[in-house]
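Notes for the one structure printed next.
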Amino acid sequence: MKKIGVIFGGMSTENEVSKLSAASVLRNLDKEKYEIYPIYIDKEGFWFTETEDSKELISNIVEYLNKLDVIFPVLHGLYGEDGTIQGLFELLKKPYVGCKVLASSIGMDKVYTKIIFDKAGLNQAEYEYVRKYNEKYIYVDKNFNETILGIEEIINKITENLKFPMFIKPSNSGSSVGINKAEDKEELKKYIEYASRFDKKILIEEGIDGQEVECAVLGNEEVIASPVGEIKPAEEFYSYDAKYNNSKSQTLIPANIPDEISSEIQKQAIKAFKAISGSGLSRVDFFVEKETNKIYINEINTLPGFTNISMYPKLFEEYGIEYKELLTKLIELALSE
Ligand SMILES: Nc1ncnc2c1ncn2[C@@H]1O[C@H](COP(=O)(O)OP(=O)(O)OP(=O)(O)O)[C@@H](O)[C@H]1O
Ligand SMILES: [Mg+2]
């Protein structure tokens with residue numbers, strides 16, 4: 013039997029979401045194949061062994077991880093999905109589920125994701141990139157030339173290049189935290205300042221009026237793509253609240269889009285995964301523009317939500333791989349690297 017460490021919680025805004033994902037993973041892992049070691053990281057970064065009735069601090073993390081055969085990080089967001097914990101596993105030479113350091117950090121950083129997607133020729137919303145710098149902002153153009161500007165000049169620069177509505181996002185964030193939609197210059201200013209509280213790197217994108225669809229991918233070199241699913245946010249966009257607190261947000265599998273659009277999305281999902289140098293799994297999110305049916309890639313999530321009602325496992329269930337088998341496949345992919 014392989015000893016598997018399932019790490020969850022974590023020092024990110026998605027600690028709670030991770031607990032839900034991990035509860036499903038722990039329940040469904042094949043107990044005949046794996047000896048399971050649940051590990052909880054609290055919001056302060058302390059590690060604990062966690063069984064049903066006891067919780068004990070792990071004082072020597074390296075020693076603890078070294079006795080395991082493989083690790084499944086069921087973590088979302090900063091310090092879990094961004095390559096940092098993956099770096100620890102690399103140092104310890106421990107196989108682990110999912111993307112490696114590079115793919116994880118690209119996938120977590122919305123600006124760098126866009127740069128790679130551009131390079132891959134994937135269609136995406138027009139965007140601008142600025143960085144907060146003391147009381148000013150640095151405008152970074154597509155060739156990485158930098159200009160220091162005041163907020164008013166930044167607003168002018170952005171509105172010269174992009175059309176409203178715009179989405180303002182901290183580059184490193186997750187679960188829609190810090191993201192807002194601006195309809196005019198006033199709001200743009202307010203939301204850039206707001207986003208800068210979460211990350212000094214800020215992405216501003218043109219809004220796409222379309223359906224939100226998602227495709228799951230699985231594999232290392234030989235990558236398969238799931239059917240495409242659709243999310244119908246109960247609010248104006250898929251905010252944190254719409255994701256986790258509003259039960260009216262719905263998912264639709266398969267998505268209500270023409271077959272040829274679905275197969276194009278599957279191709280692009282695999283391309284995006286390869287472009288960031290992905291391995292194991294990812295969920296790739298797109299918009300299909302109303303009227304034109306044009307496809308825009310939005311983002312790639314290297315450790316997507318993993319409860320048994322989350323999109324990633326549901327999409328593979330539709331493909332024909334049920335939850336338990338999916339976990340086994342992911343672990344086998346990790347061990348085969
Ligand atoms: N360019 C855009 N046009 C229209 N809607 C957008 C755009 N960008 C973001 N949105 C809306 O905002 C939501 C959150 O944005 P996004 O998916 O980029 O970040 P996130 O979900 O926080 O990232 P993560 O999935 O890593 O947690 C999207 O699901 C979508 O509803
Ligand atoms: Mg998203």
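Residues in the sequence shown are numbered consecutively from 13, following our numbering.
Glycine included, C-beta positions come from ideal geometry on N, C-alpha and C.
Integer-rounded CB distance, given that residue j should sit under 8 Å from residue i
i	j	result
residue 215	residue 152	With a Cβ gap of about 11 Å, residue 215 and residue 152 do not count as contacting.
residue 26	residue 99	The Cβ separation is near 19 Å, so there is no contact.
residue 189	residue 210	6 Å
residue 16	residue 48	6 Å
residue 240	residue 267	5 Å
residue 85	residue 127	Contact flag wrong, Cβ pair sits at about 25 Å.
residue 295	residue 313	5 Å
residue 8	residue 95	The question about residue 8 has no answer, for the chain in this structure spans 13 to 349.
residue 318	residue 117	No, residue 318 and residue 117 are not in contact; Cβ-Cβ is about 20 Å, not under 8 Å.
residue 83	residue 101	6 Å
residue 233	residue 323	Contact flag wrong, Cβ pair sits at about 24 Å.
Exposed unless 16 or more other CB atoms sit within 10 angstroms - verdict on residue i
i	result
residue 13	exposed
residue 191	buried
residue 223	buried
residue 92	buried
residue 159	exposed
residue 332	exposed
residue 125	buried
residue 121	buried
residue 74	exposed
residue 112	buried
residue 43	exposed
residue 221	exposed
residue 342	buried
residue 62	buried
residue 335	buried
residue 145	exposed
residue 306	exposed
residue 297	buried
residue 30	buried
residue 270	exposed
Spatial distance of residue i from residue j (CA atoms)
i	j	result
residue 218	residue 156	20 Å
residue 147	residue 162	8 Å
residue 109	residue 206	34 Å
residue 203	residue 81	45 Å
residue 201	residue 183	17 Å
residue 308	residue 315	21 Å
residue 104	residue 320	30 Å
residue 169	residue 282	34 Å
residue 382	residue 66	Given a span of 13 to 349 for the chain in the structure shown, any question on residue 382 remains unanswerable.
residue 262	residue 247	11 Å
residue 193	residue 79	47 Å
residue 254	residue 131	32 Å
residue 143	residue 293	30 Å
residue 346	residue 57	25 Å
residue 23	residue 171	36 Å
residue 237	residue 165	43 Å
residue 150	residue 199	19 Å
residue 36	residue 167	45 Å
residue 55	residue 70	15 Å
residue 274	residue 330	14 Å
residue 258	residue 251	10 Å
residue 208	residue 46	44 Å
residue 264	residue 231	24 Å
residue 195	residue 243	23 Å
residue 328	residue 197	42 Å
residue 349	residue 303	43 Å
Residue range of the alpha helix (DSSP H) that includes residue i
i	result
residue 74	73 to 78
residue 328	323 to 331
residue 271	271 to 287
residue 170	163 to 173
residue 308	Note, residue 308: premise wrong, no alpha helix (DSSP H); beta strand (DSSP E) at 307 to 313.
residue 25	Careful: residue 25 lies outside any alpha helix (DSSP H) and carries neither H nor E.
residue 317	Neither: residue 317 is in no alpha helix (DSSP H) and is coded neither H nor E.
residue 130	122 to 131
residue 201	197 to 207
residue 246	No alpha helix (DSSP H) holds residue 246; DSSP gives it neither H nor E.
residue 348	335 to 348
In DSSP terms, what residue i is bridged to
i	result
residue 237	229
residue 158	152
residue 46	14
residue 180	192 and 216
residue 61	51 and 68
residue 222	301
residue 56	The partner list for residue 56 (beta bridge, DSSP) is empty, contrary to what the question assumes.
Residue i beta carbon near ligand 4 (any heavy atom closer than 7 Å)
i	result
residue 242	This structure lacks ligand 4; its bound ligands are ligand 1 and ligand 2.
Residue span of the beta strand (DSSP E) that contains residue i, given as start and end
i	result
residue 99	Looking at the DSSP string, residue 99 is not in any beta strand (DSSP E); the run it does join, the alpha helix (DSSP H), is 96 to 103.
residue 300	292 to 301
residue 143	139 to 145
residue 264	262 to 264
residue 84	82 to 85
Contact with chain D by residue i, beta-carbon distance below 8 Å
i	result
residue 67	Although the question refers to chain D, the structure presented lacks it and comprises just one protein chain.
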